[in-house]
Amino acid sequence: GQVFLAPDIAYINIGVHTEKPTAADAVAENKDQTQKVIDTLKGAGVDPKDISTTNFSIWSNTQYSPDGQPTGTNYVVDNTVSVTVRKLDGLGDLLDSAVASGANNINSIQFDVADKTAALKEARAAAVQDAKTQAQELADTAGVQLGDIQTISFYDTMPVPYANTFGKGGGGAVAEAAAVPIQPGQLTLTVTVSMTYEIK
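Each residue of the sequence shown is one higher than the one before, starting from 19 at the first, in my numbering.
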């Protein structure tokens, strides 16, 4: 049994990438930029509990001249937050606002369905009905009668949140651009039922 679901929730990783000659400068700039992004997300209606830091890293990046000789070292800071968006109709505007406020690394969008309870019930009912129909057709073709059901088993194939890459960046260069077009598509929830009948 299959049920097709329209996604109603999205998970996004939004990050700020900074490079500076010193670690202190890189951290300071990244901190300010990231805070602006978080403030923008909250201002757009994202609940603070739906924003969580998933990565903060600092490393050195040696610079080289065209002939391969080291010319200096930059320090790189990455700060990434995972954002749960519960209003998909404003997702494009939200992404634009995040970029305009300083985000320069948005690497994926995962769509999902928050509550699959009713869909699972519908898919199980459809799978049971399909199994009963197939069993009866087989019995009719074989010239036998179905008896009592001996066993029933099932398993759910839950839709895995799927990712769409999103490569927009620029930290303010898109402030007056149209909202990013986002198409959530659909998810498929599948339930497989196996029924064993006694044959008369």
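All C-beta atoms in this analysis are idealised placements derived from N, C-alpha and C, irrespective of residue type, glycine included.
Could you check what DSSP says for residue i in three-state terms: helix, strand or coil?
{"i": "Gln-204", "result": "coil"}
{"i": "Ser-83", "result": "coil"}
{"i": "Ser-75", "result": "strand"}
{"i": "Asn-48", "result": "helix"}
{"i": "Pro-88", "result": "strand"}
{"i": "Val-117", "result": "helix"}
{"i": "Asp-174", "result": "strand"}
{"i": "Gly-188", "result": "Model confidence at Gly-188 stands at a pLDDT of 42, short of 50, so the residue's coordinates are unreliable; what they give is reported in the following sentence. DSSP places Gly-188 in coil when its eight states are reduced to three."}
{"i": "Thr-40", "result": "coil"}
{"i": "Ala-28", "result": "strand"}
{"i": "Asp-96", "result": "strand"}
Given residue i, which residues of its chain have a CB within under 7 Å of its CB, disregarding the five upstream and five downstream residues?
{"i": "Gly-120", "result": "Val-34, Gln-51, Lys-54, Val-55 and Gly-189"}
{"i": "Val-21", "result": "Ala-137, Glu-140, Ala-141 and Leu-207"}
{"i": "Thr-40", "result": "Tyr-93"}
{"i": "Gly-165", "result": "Tyr-215, Glu-216, Ile-217 and Lys-218"}
{"i": "Ser-78", "result": "Thr-91 and Tyr-93"}
Beta-carbon within less than 6 Å of residue i's beta-carbon, same chain only, minus the 5 sequence neighbours each way: which residues are those?
{"i": "Thr-214", "result": "Gln-168 and Thr-169"}
{"i": "Thr-71", "result": "Val-99"}
Candidates the options: which alpha carbon is nearest residue i's?
{"i": "Pro-199", "options": "Asp-114, Asp-158 and Gly-19", "result": "Asp-114"}
{"i": "Val-94", "options": "Thr-36, Gly-63, Tyr-173 and Ala-145", "result": "Thr-36"}
{"i": "Phe-172", "options": "Asp-148, Ala-157 and Gln-154", "result": "Asp-148"}
{"i": "Leu-112", "options": "Ala-24, Asn-31 and Leu-23", "result": "Asn-31"}
{"i": "Thr-91", "options": "Gly-108, Ala-153 and Ala-44", "result": "Ala-44"}
{"i": "Gln-201", "options": "Asp-96, Leu-109 and Ile-76", "result": "Leu-109"}
{"i": "Asp-174", "options": "Ala-116, Ala-145 and Gly-86", "result": "Ala-145"}
{"i": "Val-209", "options": "Gly-203, Thr-159, Gly-161 and Thr-135", "result": "Thr-135"}
{"i": "Gln-152", "options": "Val-211, Gly-86 and Met-176", "result": "Val-211"}
Sorted by chain position, which residues of the same chain lie with C-beta nearer than 8 Å to residue i's C-beta, five sequence neighbours on each side aside?
{"i": "Lys-60", "result": "Pro-66 and Ile-69"}
{"i": "Ile-27", "result": "Thr-102, Val-103, Arg-104, Leu-106, Phe-129, Asp-130, Val-131 and Ala-132"}
{"i": "Thr-89", "result": "Gln-81, Tyr-82 and Ser-83"}
{"i": "Ala-143", "result": "Gly-19"}
{"i": "Lys-150", "result": "Met-213"}
{"i": "Gln-154", "result": "Leu-164"}
{"i": "Gly-187", "result": "Here the model assigns Gly-187 a pLDDT of 44, short of 50, so the residue's position is not dependable and the matter cannot be decided."}
Return the first residue and the last residue of the beta strand (DSSP E) that residue i is part of.
{"i": "Gln-163", "result": "Where Gln-163 is concerned, there is no enclosing beta strand (DSSP E), given that its DSSP letter is neither H nor E."}
{"i": "Asn-123", "result": "123–130"}
Does the Cβ of residue i lie closer than 7 Å to at least one heavy atom of the ligand ADP?
{"i": "Gly-33", "result": "No copy of the ligand ADP appears in this structure; indeed no ligand is present at all."}
Where does residue i land, buried or exposed, given buried means 16+ other C-beta within 10 angstroms?
{"i": "Val-250", "result": "Residue numbering for the chain in the displayed model covers 19 to 218; residue 250 lies beyond these limits and cannot be assessed."}
{"i": "Leu-205", "result": "buried"}
{"i": "Asn-125", "result": "exposed"}
{"i": "Asn-48", "result": "buried"}
{"i": "Thr-58", "result": "buried"}
{"i": "Ala-24", "result": "exposed"}
{"i": "Ala-118", "result": "buried"}
{"i": "Asn-97", "result": "buried"}
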